[in-house]
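Asks: Okay, handing you the structure first.
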Amino acid sequence: MILFPNAKINIGLNITERRPDGYHNLETIFYPIDIKDALEVVKSDRLSFTSSGLDIPGLMEDNLCVKGYHMLKQDYDLPPVSIHLHKHIPIGAGLGGGSSDAAFFIRLMNDEFKLSLSVEEMTDYARRLGADCAFFVENKPVFAFERGDEFENIKLDLSAYKIVLVMPPVHVSTGEAFRGIKPTLVKDSLFDLIREPIADWKRLIKNDFEQTVFKNHVEIRGIKAALYEAGAIYSSMSGSGASVFGIFAETPDLKFLEGENEVFYL
Numbered sequence: 550m551i552l553f554p555n556a557k558i559n560i561g562l563n564i565t566e567r568r569p570d571g572y573h574n575l576e577t578i579f580y581p582i583d584i585k586d587a588l589e590v591v592k593s594d595r596l597s598f599t600s601s602g603l604d605i606p607g608l609m610e611d612n613l614c615v616k617g618y619h620m621l622k623q624d625y626d627l628p629p630v631s632i633h634l635h636k637h638i639p640i641g642a643g644l645g646g647g648s649s650d651a652a653f654f655i656r657l658m659n660d661e662f663k664l665s666l667s668v669e670e671m672t673d674y675a676r677r678l679g680a681d682c683a684f685f686v687e688n689k690p691v692f693a694f695e696r697g698d699e700f701e702n703i704k705l706d707l708s709a710y711k712i713v714l715v716m717p718p719v720h721v722s723t724g725e726a727f728r729g730i731k732p733t734l735v736k737d738s739l740f741d742l743i744r745e746p747i748a749d750w751k752r753l754i755k756n757d758f759e760q761t762v763f764k765n766h767v768e769i770r771g772i773k774a775a776l777y778e779a780g781a782i783y784s785s786m787s788g789s790g791a792s793v794f795g796i797f798a799e800t801p802d803l804k805f806l807e808g809e810n811e812v813f814y815l
């Protein structure tokens, strides 16, 4: 069985406070986009994981799909499976590719082996694998809060616009992005700001990670500036970076960015 895990972008990201457990509370808007991996799972005589496409760092046991298998096997009598992941979603991009793979793996296992898990049960399993994994279970626009794993549904449809995402040849670790962050409670929540006209987002909606990441990576800051110069209505780094997206009224000509960067027209 094959599924196609997709990426997400963050529209706004506020780090609001540090939690007693060492994590941070935040608020953001998760919006799914059409950049996809391919995930295949078949019964096998032993558990295995292979990949193609982009190189995936780390050992097999570090992969979230493999961790998801071991997690589910604690509660269900699962046979060994062969997992193959074709990686297309850029890594270290703030697009949630690994989280999406994990959530789609849970969904696939639920369907393939008739586990009869509800959406809520799949979401609870996904939360155990990572903060934003849970989003990809239902995979629809949401206002996310607390660790980024609690959601409120929102009405947000960007299908009338053209989204362009630019991924530079830069990797930004989550630790690097958090370095220098000073959590601050917000006066106006993204839950309300996202309802404002897109033309107003530029002055209203920000990503707290940009201040730190832009200092260390001027090329990422330059991409955001270039997208605005090319006519973006709104532009932002996604998550903790390194990717930057722009929302346009019409598809822009960004050939000047395509040489050194990977550019996705969505």
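For reference, each letter of the sequence shown is one residue, going 550 to 815 in the working numbering.
Backbone N, C-alpha and C fix where the C-beta goes; we use that ideal spot for every residue, glycine too.
Which of the three DSSP states is assigned to Ile730 in this structure?
Replies: Coil at Ile730, not helix or strand.
Asks: In chain order, what residues of the same chain have a beta carbon less than 7 Å from the beta carbon of Met609, not counting five sequence neighbours either side?
Replies: Result list for Met609: Phe598, Val615, in chain order.
Asks: Would you mind stating whether Gly643 and Ser738 have Cβ atoms separated by less than 8 Å?
Replies: No, Cβ-Cβ distance for Gly643 and Ser738 is not below 8 Å.
Asks: Cα separation between Asn559 and Asp650?
Replies: C-alpha separation (whole angstroms): 17 Å.
Asks: Just tell me which of Phe700, Phe758, Pro628, Ala779 has its CA closest to the CA of Gly724.
Replies: Residue Phe758 is the option with its Cα nearest to Gly724.
Asks: Under 6 Å Cβ to Cβ from Gly679, same chain only, skipping five residues before and after it: list those, please.
Replies: Only Ser648 meet the Cβ criterion.
Asks: Could you give the DSSP three-state label for Phe598: helix, strand or coil?
Replies: Strand at Phe598.
Asks: What did DSSP end up calling Ile743 once you bin it into helix, strand or coil?
Replies: In this structure, Ile743 counts as coil in the three-state DSSP scheme.
Asks: Is the region 767-775 touching the region 733-751 in the sense that three or more CB pairs, one from each, lie closer than 8 Å?
Replies: At 8 Å Cβ cutoff, the stretches do not touch.
Asks: If contacts are defined as beta-carbon pairs under 8 Å, then Asn756 and Met786 qualify, I think. What distance do you get, rounded to the angstrom?
Replies: About 5 Å separates the two Cβ atoms, so the contact holds.
Asks: From Gly571 to Arg696, what distance separates their C-alpha atoms?
Replies: If you take the alpha carbons of Gly571 and Arg696, they lie about 11 Å apart.
Asks: Which residue from Pro629, Ala556, Pro606 puts its Cα closest to that of Gly645?
Replies: Answer by Cα proximity: Ala556.
Asks: Per DSSP, what kind of secondary structure is Arg770 in: helix, strand or coil?
Replies: If DSSP states are grouped into helix, strand and coil, Arg770 belongs with the helices.
Asks: Starting from the Cα of Thr577, find the closest Cα among Glu768, Asp706, Phe805, Phe700 and give me that residue.
Replies: Measuring from the Cα of Thr577, the nearest candidate turns out to be Phe700.
Asks: Would Ser722 and Gly641 qualify as a contact pair, given that the criterion is a beta-carbon distance under 8 Å?
Replies: The answer is yes: Cβ separation under 8 Å.
Asks: Taking all protein chains shown into account, decide if Leu734 is buried (16 or more other Cβ within 10 angstroms of its Cβ) or exposed.
Replies: When all chains shown are included, Leu734 counts as exposed.
Asks: Could you pull the start and end residues of the alpha helix (DSSP H) that Phe685 belongs to?
Replies: Unbroken alpha helix (DSSP H) run through Phe685: 684-687.
Asks: Please classify His619: does DSSP put it in a helix, a strand, or coil?
Replies: Helix, per DSSP.
Asks: Write down the C-beta distance between Leu588 and Leu657 rounded to the nearest angstrom, noting that I regard them as a contact closer than 8 Å.
Replies: Right, their Cβ atoms sit about 7 Å apart.
Asks: For His637 versus Gly602, is the C-beta distance shorter than 8 Å?
Replies: Yes, the pair counts as a contact, with Cβ atoms nearer than the cut-off.
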